[in-house]
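Residue numbers (the numbering used here), protein chains in the order written: chain A, 22 to 207; chain B, 22 to 207.
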């Protein structure tokens with residue numbers, strides 16, 4: 022499993038790791054229990070404050086844990102963890118302790134009680150700031166209040182879901198078009 | 022520029038092309054004018070009906086065109102179009118005709134009046150089904166009512182934004198974990 026050295030990262034810039042569309046792991050804690058879920062439906066909604074919208078199905082064990090504790094951590098896994106990501110997404114925290122079952126390490130955050138997953142490339146501590154869209158759309162509006170990002174590699178090999186059990190692994194080809202951007206559009 | 026042969030595609034399955042997180046082009050039409058915008062903030066919100074949530078900034082020329090016409094097309098471009106995607110995102114439909122300026126072909130859809138971009142890998146005709154979140158979050162809830170997808174390649178080389186003018190091009194490495202999935206989770 023990967024071992025990353027991490028540093029504090031500006032919360033307004035977490036979009037750099039969320040916009041490319043990786044599958045993420047969401048960790049939570051409530052009443053002395055922790056859990057992890059695999060999540061593919063999310064989007065940046067604002068960068069200052071740093072808001073991320075997440076679809077969490079109400080059948081997920083994490084649904085009530087996050088709704089009630091009003092916090093969670095969004096963790097960005099890399100390709101080394103792909104089989105675990107699938108296993109986590111196809112089991113329930115009702116039946117197992119996912120940190121133990123998948124050999125992942127829970128570490129303490131600084132702003133929330135939910136645990137960070139040490140083996141992930143990045144960890145974004147989040148607070149639930151708007152629960153008004155949960156009932157209609159299962160949409161949790163989260164604010165990233167603290168971000169921890171690996172110091173290297175610059176471009177993590179993230180995992181992107183294509184449906185039907187297939188994943189695309191983030192490409193190594195990078196295109197730079199900085200000069201074609203208006204400064205405020207970067 | 023790419024030339025694709027397309028076929029009808031089940032709208033409930035467009036998530037296969039949206040979940041990996043590509044940059045998309047959104048085309049619209051209103052009062053005899055068309056426009057195109059580059060969009061990176063979007064998420065699947067449901068697959069039956071097929072709902073996609075999109076952040077469209079109110080400073081975008083497309084904002085009022087889509088809000089008023091209540092429809093648009095989400096087009097999925099591939100790496101061949103990357104420089105055009107950047108150009109479209111850094112210019113305004115107030116000043117130019119983007120189809121003409123970027124040499125793209127507008128073709129007619131079957132369910133909406135907004136034009137499809139022929140050179141894109143996939144075209145999803147959308148209706149605005151919920152405008153109640155536009156004011157607070159610039160969030161347009163769209164329903165895909167018709168989908169057109171290229172018959173090949175199976176895995177398009179999509180473009181994923183990393184911020185700061187840099188893009189990741191979809192990787193060629195695919196991981197298949199179908200057997201680890203519960204059937205209802207695929």
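We put the beta carbon where it would ideally sit given N, CA and C, even for glycine.
Residue 174/A: which of 99/A, 85/A and 49/A sits nearest, CA to CA? Position 153 of the first chain, counting from 1, holds the residue named residue 174/A. Comparing Cα-Cα distances from residue 174/A to each of 99/A, 85/A and 49/A, the minimum goes to 99/A.
Beta carbon of residue 71/A, beta carbon of residue 164/A: below 8 Å? Here the question's residue 71/A lines up with position 50 in the first chain. Here the question's residue 164/A lines up with position 143 in the first chain. Taking 8 Å as the Cβ cut-off, residue 71/A and residue 164/A qualify as a contacting pair.
What is the DSSP secondary structure of residue 34/B, reduced to helix, strand or coil? Your numbering for residue 34/B matches position 13 in the second chain. It is helical.
Considering only their Cβ atoms, is the gap separating residue 49/A from residue 90/A smaller than 8 Å? The count along the first chain starts at 1 and reaches residue 90/A at position 69. The count along the first chain starts at 1 and reaches residue 49/A at position 28. Cβ atoms of residue 90/A and residue 49/A: closer than 8 Å.
Answer with yes or no whether the minimum CB distance from residue 134/B to chain A is below 8 Å. Locating residue 134/B in the second chain gives position 113, where the first residue counts as 1. Cβ-Cβ to chain A under 8 Å: no for residue 134/B.
Separation of residue 92/B from residue 135/B, as counted between CA atoms: For the purposes of this step, residue 135/B is taken as residue 114 along the second chain, with counting starting at 1. For the purposes of this step, residue 92/B is taken as residue 71 along the second chain, with counting starting at 1. Near 7 Å, if we compare the C-alpha coordinates of residue 92/B and residue 135/B.
Taking the alpha carbon of residue 192/A as the reference point, which residue from 198/B, 47/B and 182/B has its own alpha carbon closest? The sequence position of residue 192/A within the first chain is 171, counting from 1. Nearest option by C-alpha distance: 182/B.
Within chain A, partners of residue 203/B - CB distance below 8 Å: In the second chain, the residue the question calls residue 203/B occupies position 182. What residue 203/B touches in chain A: 111.
Any beta carbon of chain B sitting closer than 8 Å to that of residue 63/A? Translated into the one-based positions of the first chain, residue 63/A becomes position 42. Taking Cβ atoms only, chain B reaches closer than 8 Å to residue 63/A, which makes this a yes.
Classify residue 80/A: buried if its beta carbon has 16 or more other beta carbons within 10 angstroms, exposed otherwise. As a first step, residue 80/A is located in the first chain; it is residue number 59 there, counting from the start. Label assigned to residue 80/A: exposed.
Quick check on the DSSP output: the beta strand (DSSP E) that includes residue 58/A runs from which residue to which? The residue given as residue 58/A occupies position 37 in the first chain. That run of the beta strand (DSSP E) goes 54–60.
Name the residue from 171/B, 42/B and 166/B whose alpha carbon lies nearest to the alpha carbon of residue 133/B. Locating residue 133/B in the second chain gives position 112, where the first residue counts as 1. If we check each option's Cα against that of residue 133/B, 166/B comes out closest.
Segment limits, beta strand (DSSP E) that includes residue 145/A: Here the question's residue 145/A lines up with position 124 in the first chain. Run containing residue 145/A: 143–151, per the beta strand (DSSP E) assignment.
When you compare the CB of residue 99/A with every CB in chain B, is at least one pair closer than 8 Å? Here residue 99/A is taken as the residue at index 78 of the first chain, counted from 1. So no, residue 99/A is outside the interface.
Outcome for residue 203/A when other beta-carbon atoms lying within 10 angstroms are tallied against a minimum of 16: The count along the first chain starts at 1 and reaches residue 203/A at position 182. Exposed, by the Cβ-count rule.
Under three-state DSSP, which class holds residue 127/A? One-based indexing of the first chain puts residue 127/A at position 106. Residue state, collapsed to three classes: strand.
How many Å lie between residue 56/B and residue 119/B at the Cα? As a first step, residue 56/B is located in the second chain; it is residue number 35 there, counting from the start. As a first step, residue 119/B is located in the second chain; it is residue number 98 there, counting from the start. Near 6 Å, if we compare the C-alpha coordinates of residue 119/B and residue 56/B.
For residue 206/A, name the three-state secondary structure that DSSP assigns. The sequence position of residue 206/A within the first chain is 185, counting from 1. Reduced to three states, the DSSP call for residue 206/A is helix.
Counted within 10 angstroms of its Cβ, other Cβ atoms place residue 124/B as buried (16 or more) or exposed: Residue numbering aside, residue 124/B sits at position 103 when the second chain is read from its first letter. Exposed.
Whole runs of the beta strand (DSSP E) within the region 79–126 of chain A, excluding any shorter than 3 residues: 92–97
For residue 40/B, count the other beta carbons within 10 Å of its own beta carbon; 16 or more makes it buried, fewer makes it exposed. Which is it? By 1-based counting over the second chain, the position of residue 40/B is 19. Buried, because 16 or more other Cβ atoms sit within 10 Å of the Cβ of residue 40/B.
Exposed or buried, which one is residue 177/A when buried takes at least 16 other CB atoms within 10 Å? For the purposes of this step, residue 177/A is taken as residue 156 along the first chain, with counting starting at 1. The residue in question, residue 177/A, is buried, as its Cβ has 16 or more Cβ neighbours within 10 Å.
If you draw a straight line from the alpha carbon of residue 127/B to that of residue 141/B, how long is it in whole angstroms? By one-based count along the second chain, residue 127/B stands at place 106. By one-based count along the second chain, residue 141/B stands at place 120. C-alpha separation (whole angstroms): 11 Å.
Based on DSSP bridge pairs, tell me the residues matched to residue 164/B. Taking the second chain and counting its residues from 1, one reaches residue 164/B at position 143. Note: residue 164/B sits in a beta bridge opposite 72/B and 148/B.
Exposed or buried, what is residue 31/B when buried is set at 16 or more other beta-carbons lying within 10 Å of its beta-carbon? Position 10 of the second chain, counted from the first residue, corresponds to residue 31/B. Per the 10 Å Cβ criterion, exposed.
Where does the unbroken alpha helix (DSSP H) through residue 155/A begin, and where does it stop? As a working note, residue 155/A is residue 134 in the first chain. First-last of the alpha helix (DSSP H) with residue 155/A: 155–158.
Counted within 10 angstroms of its Cβ, other Cβ atoms place residue 74/A as buried (16 or more) or exposed: Here residue 74/A corresponds to residue number 53 of the first chain, with the count starting at 1. So residue 74/A ends up on the buried side.
Whole angstroms is fine: what's the gap from residue 68/B's alpha carbon to residue 198/A's? Locating residue 68/B in the second chain gives position 47, where the first residue counts as 1. Locating residue 198/A in the first chain gives position 177, where the first residue counts as 1. Cα to Cα, the separation comes out at about 34 Å.
Determine which residues share a DSSP beta bridge with residue 193/A and list them. Looking up residue 193/A in the first chain gives position 172. DSSP output for residue 193/A lists no bridge partner at all.
Beta-carbon gap between residue 169/A and residue 143/A smaller than 8 Å: Reading the first chain from its first residue, position 148 is the one you call residue 169/A. Reading the first chain from its first residue, position 122 is the one you call residue 143/A. Yes. Within cutoff.
For residue 42/B, go through chain A and note every residue whose CB falls closer than 8 Å to its CB, in chain order. As a working note, residue 42/B is residue 21 in the second chain. By Cβ distance, chain A contributes 40, 41, 42, 43 and 181.
Nearest by alpha-carbon distance to residue 36/A: which of 185/B, 117/B, 86/B and 160/B is it? Within the first chain, residue 36/A is the residue found at index 15, counting from 1. Among 185/B, 117/B, 86/B and 160/B, the Cα nearest to that of residue 36/A is on 185/B.
Considering only residues of the same chain and omitting the five flanking positions on each side of residue 33/B, which have a CB-CB separation below 6 Å? Taking the second chain and counting its residues from 1, one reaches residue 33/B at position 12. Counting only Cβ-Cβ distances below 6 Å, and skipping sequence neighbours, we find 68, 69 and 71.
Give the secondary structure of residue 180/A by DSSP, where H, G and I count as helix, E and B as strand, and everything else as coil. Locating residue 180/A in the first chain gives position 159, counting from the first residue. Strand.
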